[in-house]
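Report on one structure; see the data block that follows.
Numbering (full-length UniProt numbering), first residue to last: 1 to 225.
Shown next as structure tokens:
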């Protein structure tokens, strides 16, 4: 499909986003709700723009876009009244979407953790991209497994969270020659939104992704309210 068709579709979606932002400004919505909705709209705009690629047809673009929006909506659906998102549930829901259940092909280990809405949305996208990659190139495309662990270290207003996604029993994984939307989310977007540092290690038995970021007030959902 011609690139012009993709650009036209992006323009239509962004126009819808602008109208929604204007509507939010006009409505007498509570300040916190308005902030959360505008944050979601901003995230949608990023997904719409970044999902486009000259490498893909319009149908492929729409498919990728819908999958990413679904991941964002799953994160929104589990938010509590203050907008905080349970990290374990976020992970479990996203992996379950790909038929990977806790205790079967995937294991989770980590402390209770709630994230602010924006941080939860960004991490939902990151986990989605990891899961899609696992289906297409890694553990979930064969007989492999995924071990997911997270821990919090340090005291003070911004302790450090370390998240590790480790795939095993897969064919040797080579570093991709093309870095697309998924890599950008895991590196640039997480760094920009969460001040995160991401390491992608393509090990002989499968991918290891390590993400570290401070649980600052704008990230830690337990500080919401």
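Yeah, the Cβ is synthetic: ideal placement off N, Cα and C, and Gly gets one too.
Counting along the chain, where does the beta strand (DSSP E) carrying residue i start and finish?
{"i": "residue 164", "result": "160–168"}
{"i": "residue 203", "result": "197–203"}
{"i": "residue 207", "result": "206–214"}
{"i": "residue 152", "result": "145–153"}
If you follow the alpha helix (DSSP H) that residue i is in, where does it begin and where does it stop?
{"i": "residue 182", "result": "181–184"}
{"i": "residue 194", "result": "190–194"}
By Cβ distance, which residues of its chain are closer than 6 angstroms to residue i, with the 5 residues on each side in sequence left out?
{"i": "residue 226", "result": "Only positions 1 to 225 of the chain appear in this structure, which leaves residue 226 out of reach."}
{"i": "residue 99", "result": "none"}
{"i": "residue 204", "result": "172"}
{"i": "residue 166", "result": "147 and 208"}
{"i": "residue 93", "result": "74"}
{"i": "residue 211", "result": "163, 196 and 198"}
{"i": "residue 175", "result": "202"}
{"i": "residue 221", "result": "84, 114, 115 and 116"}
{"i": "residue 200", "result": "209"}
{"i": "residue 154", "result": "160"}
So, for residue i: in the same chain, excluding its five sequence neighbours on each side, which residues have a beta-carbon less than 8 angstroms away from its beta-carbon?
{"i": "residue 239", "result": "Outside the displayed span of the chain (1 to 225) sits residue 239, for which this structure offers no information."}
{"i": "residue 145", "result": "105, 106, 107, 139, 167, 168 and 169"}
{"i": "residue 78", "result": "85, 86, 89, 90 and 93"}
{"i": "residue 206", "result": "138, 139, 144, 166, 167, 168, 169, 170 and 173"}
{"i": "residue 133", "result": "182 and 207"}
{"i": "residue 218", "result": "116, 118 and 119"}
{"i": "residue 131", "result": "94, 95, 97, 98, 100 and 140"}
{"i": "residue 67", "result": "128 and 132"}
Check the DSSP bridge columns for residue i and list the partner residues they point to.
{"i": "residue 222", "result": "Paired residue(s): none; residue 222 is not in a bridge."}
Skipping 5 residues on each side, what residues in its chain have a beta carbon closer than 7 angstroms to that of residue i?
{"i": "residue 215", "result": "152, 158, 159 and 161"}
{"i": "residue 122", "result": "189, 190, 193 and 194"}
{"i": "residue 71", "result": "94, 124, 125 and 128"}
{"i": "residue 149", "result": "109, 110 and 164"}
{"i": "residue 102", "result": "92 and 108"}
{"i": "residue 187", "result": "198"}
Suppose only complete runs of 4+ residues qualify. What are the alpha helix (DSSP H) ranges in the segment 54–134, listed by chain order? 58–77 and 87–96
Check whether the segment 183–193 and the segment 158–169 are in contact - that is, three or more C-beta pairs closer than 8 angstroms. no
Can you confirm whether the segment 130–145 touches the segment 108–121 when touching is taken to mean that 3 or more C-beta pairs between the two stretches lie within less than 8 angstroms? no
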